[in-house]
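Some notes on the structure that comes next.
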Amino acid sequence: MNIHHNIEQLSNIKTDLFGKDFLLTWEKSEASIRMILDVANILKEMRASNISTRLFDSGLAISNFRDNSTRTRFSFASASNLLGLAVQDLDEEKSQIAHGETVRETANMISFMSDFIGIRDDMFLGEGNKYMREVGAALDEGFANGVLPSRPGIVNLQCDMDHPTQSLADLAHLQQQFGSLENLRGKKIVMSWAYSPSYGKPLSVPQGVIALMSRFGMNIELAYPEGYGLIPEIVDIAKSNSAQSGGSLNISHSMEEAMQDADIVYPKSWAPFHIMQQRTALLQKADKQGLKELEQVCLANNAKFKNWEYDASKMKQTKNGDALYLHCLPADISGVSCEAGEVNAAVFEKYRIRTYLEAGYKPYVIAAMMLTNKFSQPAEILNKILERKNLRVGI
Amino acid sequence: MNIHHNIEQLSNIKTDLFGKDFLLTWEKSEASIRMILDVANILKEMRASNISTRLFDSGLAISNFRDNSTRTRFSFASASNLLGLAVQDLDEEKSQIAHGETVRETANMISFMSDFIGIRDDMFLGEGNKYMREVGAALDEGFANGVLPSRPGIVNLQCDMDHPTQSLADLAHLQQQFGSLENLRGKKIVMSWAYSPSYGKPLSVPQGVIALMSRFGMNIELAYPEGYGLIPEIVDIAKSNSAQSGGSLNISHSMEEAMQDADIVYPKSWAPFHIMQQRTALLQKADKQGLKELEQVCLANNAKFKNWEYDASKMKQTKNGDALYLHCLPADISGVSCEAGEVNAAVFEKYRIRTYLEAGYKPYVIAAMMLTNKFSQPAEILNKILERKNLRVGI
Amino acid sequence: MNIHHNIEQLSNIKTDLFGKDFLLTWEKSEASIRMILDVANILKEMRASNISTRLFDSGLAISNFRDNSTRTRFSFASASNLLGLAVQDLDEEKSQIAHGETVRETANMISFMSDFIGIRDDMFLGEGNKYMREVGAALDEGFANGVLPSRPGIVNLQCDMDHPTQSLADLAHLQQQFGSLENLRGKKIVMSWAYSPSYGKPLSVPQGVIALMSRFGMNIELAYPEGYGLIPEIVDIAKSNSAQSGGSLNISHSMEEAMQDADIVYPKSWAPFHIMQQRTALLQKADKQGLKELEQVCLANNAKFKNWEYDASKMKQTKNGDALYLHCLPADISGVSCEAGEVNAAVFEKYRIRTYLEAGYKPYVIAAMMLTNKFSQPAEILNKILERKNLRVGI
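Chains as they are written, first to last, in our numbering: chain L, 232 to 626; chain X, 232 to 626; chain S, 232 to 626.
Structure below.
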């Protein structure tokens, strides 16, 4: 059987996933990244075959969304449910909760019967990932002192630095579209800034994409208008990954030129790093007037780059005029969701269903993170799932 | 055993429920309507006998309430839980989401692991049911293209046209109170407008009631003040149903006269069709001033019909002065929930517990819709439930 | 085995828990109180041993929070999940719903498939507990009339009079810290008012603590500034409990003196009884101006007692300078969560982890209330849990 075979492949792989939070892809070994993809694919196959993959008879998965979300919220809920966990929302005020006592205490108070905490905190540069680590340290302390019967795992559902459940879903999609991770070697992927009528979009998607794709020998073209750079340290990580994996990373400033011979394109808006720094400072001071002024400046600046729309003429420049289009969704589609945006409507339509397929990996990626966090021998537990033969639906 | 016997009765009935959304009762065959009632009653009996009717080991039921709800929300949650599904709310803005891209995309994004989507969208004439069909078409597309592992079923939890979970709960209650559906033949049921101090109540309850009850040979009296008509096309459907089923449908304009010799009465406020049309136009333009003015006009008009209260003298006109009183709840009870309303307090009190019993069918009706959507042989799956002998509570 | 032994101890104890709401600890026999603690401890041990304590294959636990909550909300969700119930929130307006028809009707409408309703209603003196009883009476009526297939149990998650899930968690913690309930006999516990920069904190915690601890032979010192008294009837109950249990209850008005030789201290702010009466009257009239003025008066009055902070010098007065510090959390910690508050930061830090351990009993206390409400023979059902050997996590 196909599933049996796929599980067997996992048997001897050593990873650094068991008992560890999943916060940044670049903290995880390549074996771990591959394990997440493999387990995600096996869980997907199992569900399609009406096999119940329930591993928890009871238990809670806490979701802590410090920014709005529909897609990731449903992905987290789906993954939790797939494994048997009930979701409980932690409904904070959307503002940053004071660090210190409150984080430490709240982390423990919600975790007496929690198996996972999924956190989205992507508004403040320098804060989101730090917050997740504060929560993690508080859970470590609680577990060490007998407050918590087990140490809940943390899943990064998007922070200021990375968006690992997204980038891994993107990678799973590429793996499927190109046949294997090995086939991605030498492929050109363009992570390009694109125009959007909104401002303040997080940097975590482009950062997560270049930091992950650079590990698989791809040639990355990172394109953005001058001044729209990402966090320099993360670009450095991607560069170093590229060097190691035998790929490359080039930065350029013309969408049109960047698209030449691309195999894969990811045109997506984001706010410039230095703007996000200013914005974070203003948000922390709750300076409404300052924020309003910054928004005006930004929108005016963005408007200079309305031609950074991924349209038919740019698509034509790509390999066979048909590079695979990726997006984390929702895209700003010109004439559909906004007047002028990231992508031309007809171009988007051509790849629309494939962007849905791309998104469809996210619940399984999250479930794979959960499974590998709780079970040191994923192959063994997946085999047991097969053996017990529980149906997901029906008797 | 009673349950065994009831299940046997189902064995050979052919319905049009399997794999189909439940959007309008008049799209379903009489066999399907009877199947819903029968399955609902069997599930109710099973739960009362502490038999677990869980059929999903995991899975999500999405609820999308585009208007407030307590009763239907809990009924949907209860039905989902009864079958083993976890509820996940889609918390949109309460305004109409732009049709087109967003509906299509969101429908897929929330459905990667969903088995059902329950939708309430009853504010806009010409919109609610249409929206459900847009969602359905998007799910069809997603399923056909491999985006979704299965096609989630849609349950109409109230739209601008019909409120099938309500009218079927009403019918189940009538079946129980009168002994059988056959006993309803020739009974007079009065669906009457009643005064309320609020305005803009949806038309879906009276429309749903006349369109469904007309299929069982009842004599329907639809009573309302001149100008308070329902959607003409749905009244036509009810008329045609009456003709076919050997019943009748008469429209009149005096509550008092309508009540003569009634076996069943359903006094309930609604907004006139032509007002709902104006209101929809104003809502779509977000014309607050216009809405305020329309409300004033309507309330002033309603006030002319304060005598459309179901009171002791009107009750006296009914068969033996004791027609069965129905209401979808909450009723506007004079002197209790408002100064003057749909029903006199003492009259309501006489039938209060029975309105609760009526409401009590709704969770089972929804569960029956779900079960028959997912299982082509309901009798077979219900028998398996009996055979496996799982307790709902206890070991 | 340890768990086996603990279950055996329960076998022959008669309690008044089965089928009864848990509203006030002083309505329950001592055997019942001990049963709650014992079952809670057994469930805690079982979960730590990865034994699934699931007793419901499906079913709902309704939470009705009429005031904000994080800790208790998560405790209720955890307890429900531990036993296999799904939580469904009843999201009312935060204002008091009109008593009468609505309470009666809503109670039934949400309960067709509910096993428990957890209610927090602590804002209005004379209202919260009354509301819970109104809900209970409505459920009785519904069950008696066949509206409800079973009578959902009510769990008091804090009212105007008592906070039983908190005081029982506190007691479980004391039992663990001192080795047994018997060891608490003769111990001095100080329930002391403490300064807080906020006002209007409920009386239910101090009331719940003195009414419960007085049953175990402890010497209770109730300390507060003149004018900050509790509900007199509840103080009388505590006094009478003390007399019966061989303990004592003394009221005094100096935090410093009260702390002399204390074994246990519980410094916690609350609003004076007579202020809560005025506040309730103003809230019921929705008199915003009056509320604002009352707040000013209160805060000014509180400010006279800033020295009612539990600090190192007061801690020094206690037994060995190391009385066990209790708090229901979150505490107002001077220099951490506020400028000046209930407790000095270094003192709090010394006991911080132990306050987390204290809080950790709450989910198990609630689960024990649920289990003993639904199963007349707790020992028997706990033994069955052991025998079936279901894992909570894993296969």
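Heads up, the beta-carbon is just placed ideally off N, CA and C, and yes, glycines get one too.
With a cut-off of 8 Å on the beta carbons, I'd call residue i and residue j a contact; round off their distance for me.
{"i": "S:Asp494", "j": "S:Lys550", "result": "5 Å"}
{"i": "S:Ser345", "j": "S:Pro380", "result": "The pair is not a contact, with the Cβ atoms about 10 Å apart (cut-off 8 Å)."}
{"i": "L:Cys553", "j": "L:Val578", "result": "Correcting the residue identity first, residue 553 of chain L is Asp in this sequence and not Cys. Incorrect: roughly 11 Å between the Cβ atoms, too far for contact."}
{"i": "L:Lys605", "j": "L:Ala571", "result": "Wrong, their Cβ atoms sit about 46 Å apart, outside the cutoff."}
{"i": "S:His484", "j": "S:Pro463", "result": "S:His484 to S:Pro463, Cβ: 16 Å. No contact."}
{"i": "S:Ile506", "j": "S:Leu525", "result": "7 Å"}
{"i": "S:Met229", "j": "S:Phe374", "result": "With chain S represented from 232 up to 626, any question about residue 229 of chain S goes unanswered, as that position is not in the structure."}
{"i": "S:Asp393", "j": "S:Thr256", "result": "6 Å"}
Which residues of chain L have a Cβ atom closer than 9 Å to the Cβ of residue i, listed in chain order?
{"i": "X:Ile612", "result": "Gly625, Ile626"}
{"i": "S:Phe305", "result": "Leu291, Ile293, Gln319, Leu321, Met340, Ile341, Ser342, Phe343, Met344, Ser345"}
{"i": "X:Ile616", "result": "Ile626"}
Along chain S, which residues have their Cβ under 9 Å away from the Cβ of residue i?
{"i": "X:Thr301", "result": "Leu321, Asp322, Glu323, Thr337, Met340, Ile341"}
{"i": "X:Gly315", "result": "Asp288, Ser289"}
{"i": "L:Arg619", "result": "Ile626"}
Quick one: residues in its chain with C-beta nearer than 7 Å to the C-beta of residue i, no 5 flanking neighbours on either side, listed in chain order?
{"i": "X:Asp401", "result": "Val440, Leu557, Glu589"}
{"i": "S:Arg304", "result": "Ser294, Phe296"}
{"i": "L:Gln327", "result": "Interpretation of L:Gln327 is limited by its pLDDT of 40, a score under 50 that renders its predicted location unreliable; the figure taken from the coordinates is listed afterwards. Cβ within range, chain order: Phe355, Glu358."}
{"i": "X:Lys325", "result": "For X:Lys325, the predicted model reports a pLDDT of 38, less than 50, meaning its position is unreliable; a value from the coordinates is still stated below. Counting only Cβ-Cβ distances below 7 Å, and skipping sequence neighbours, we find Arg297."}
{"i": "S:Arg476", "result": "Looking at the sequence itself, residue 476 of chain S is Ser, so the reference to Arg does not match. Ser445, Arg446, Phe447, Gly448."}
{"i": "X:Val596", "result": "Ile267, Ala271, Thr396, Leu399, Ala400, Ala403"}
{"i": "S:Ala329", "result": "The predicted model places S:Ala329 with a pLDDT of 44, which falls under 50 and marks its position as unreliable; any figure quoted below should be read in that light. Nothing meets the Cβ criterion."}
{"i": "S:Pro503", "result": "Gly458, Tyr459, Gly460"}
{"i": "L:Asn614", "result": "Ile238"}
Given that residue i touches chain S, what residues does it touch there, using C-beta distances under 7 Å?
{"i": "L:Ala378", "result": "Before going on, a small fix: residue 378 of chain L reads as Val here, not Ala. Residues of chain S passing the Cβ test: Ile584, Tyr587, Leu588, Gly591."}
{"i": "L:Lys251", "result": "Correct list: empty, because the minimum Cβ distance to chain S is about 17 Å."}
For residue i, collect the residues of the same chain with a Cβ closer than 6 Å to its Cβ; drop the 5 residues on either side in sequence, then sort them by chain order.
{"i": "X:Gln240", "result": "none"}
{"i": "X:Ile482", "result": "Leu453"}
{"i": "S:Lys251", "result": "none"}
{"i": "L:Gly349", "result": "Ser294, Phe307, Val386, Leu388"}
{"i": "S:Cys559", "result": "Gln397, Val436"}
Taking Cβ-Cβ distances shorter than 8 Å, what residues in chain S pair up with residue i?
{"i": "X:Leu622", "result": "Asp288"}
Less than 8 Å between C-beta atoms, sequence neighbours within five positions excluded: which residues of the same chain meet that for residue i?
{"i": "X:Ala576", "result": "Ile564, Ser565, Gly566, Val567"}
{"i": "L:Glu276", "result": "Asn233, Ile234, Asn237"}
{"i": "S:Gly331", "result": "Because S:Gly331 carries a pLDDT of 48, less than 50, the predicted location of this residue cannot be relied on, and no value is offered for it."}
{"i": "S:Arg585", "result": "His404, Gln408, Leu555, Tyr556"}
{"i": "S:Ile612", "result": "Leu286, Leu602, Phe606"}
List, in order along the chain, the chain X residues whose C-beta lies closer than 8 Å to that of residue i?
{"i": "L:Arg278", "result": "Met344, Pro380"}
{"i": "L:Leu560", "result": "Glu336, Met340"}
Quick one: what's residue i bridged to in DSSP?
{"i": "L:Asn387", "result": "L:Ile350"}
{"i": "S:Ala419", "result": "According to the sequence shown, residue 419 of chain S is Lys rather than Ala. DSSP lists S:Asn450 as partners of S:Lys419."}
{"i": "X:Asp320", "result": "X:Ser294"}
{"i": "S:Leu219", "result": "Coverage of chain S is limited to positions 232 through 626, which leaves residue 219 of chain S absent and any answer about it impossible."}
{"i": "X:Ser483", "result": "X:Ala454"}
{"i": "L:Cys569", "result": "L:Ser565"}
Is there a Cβ from chain B that is less than 9 Å from the Cβ of residue i?
{"i": "L:Asn312", "result": "Absent from the structure: chain B. Protein chains present are L, X and S."}
List, in chain order, every chain X residue whose beta-carbon is nearer than 9 Å to that of residue i.
{"i": "L:Pro428", "result": "The contacting residues do not exist; L:Pro428 stays about 15 Å from chain X at best."}
Using a Cβ cut-off of 7 Å, pull out every chain X residue sitting near residue i, in sequence order please.
{"i": "S:Gly373", "result": "Tyr587"}
{"i": "L:Arg285", "result": "Asp288, Ser289"}
{"i": "L:Gly498", "result": "It is Pro, not Gly, that sits at residue 498 of chain L in the sequence shown. Result: empty, since nearest Cβ-Cβ is about 17 Å, beyond 7 Å."}
Can you pull the chain L neighbours of residue i, defined as C-beta to C-beta under 8 Å?
{"i": "X:Lys259", "result": "Chain L residues near X:Lys259: none, gap ~23 Å exceeds 8 Å."}
{"i": "S:Ala308", "result": "Leu291, Ala317, Gln319"}
message = Any contact between the segment 359-368 of chain S and the segment 267-276 of chain S? By contact I mean 3 or more CB pairs, one from each, below 8 Å.
response = no
ask   = How do the segment 398-413 of chain L and the segment 308-315 of chain L stand: do at least 3 beta-carbon pairs fall below 8 Å, yes or no?
value = no
inquiry  = Any contact between the segment 413-424 of chain L and the segment 495-508 of chain L? By contact I mean 3 or more CB pairs, one from each, below 8 Å.
reply    = yes
ask   = Any contact of the segment 464-476 of chain S with the segment 280-293 of chain S, i.e. 3+ C-beta pairs under 8 Å?
value = no
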